[in-house]
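Novice: Reading the sequence shown from the start, the letters are residues 66 to 138 in this note's numbering.
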Amino acid sequence: MSKTYLKSWKEKKEKMPNAALSFKQRLRIKQQKRVERSALLSKIKILKTRKRNFLRERQKQREMKKQENMAKS
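#1: Go ahead and pull the three-state DSSP assignment for MET135.
#2: Nearest-angstrom Cα distance between GLN90 and PHE119?
#3: Grab the span of the alpha helix (DSSP H) containing SER73 for me, first residue to last.
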């Protein structure tokens, strides 16, 4: 094999490391990435819900305090 061919093959392999894998392996990698992404999205959704609930609860506490202060006055 010529040096230029090997060099271009090496560069191509570095750019696209998954191209040398079989179809099933690439499919498995894609599925794994999809699962990881969905797991992260569900974690984000859970955290956003917790944050929203926390902020809502704090707002209720503030309103209760205001009402207590108004009642005292």
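All C-beta atoms, glycine included, are put in the ideal place defined by N, C-alpha and C.
Specialist: On the basis of the data shown:
#1: helix
#2: 43 Å
#3: 68 to 80
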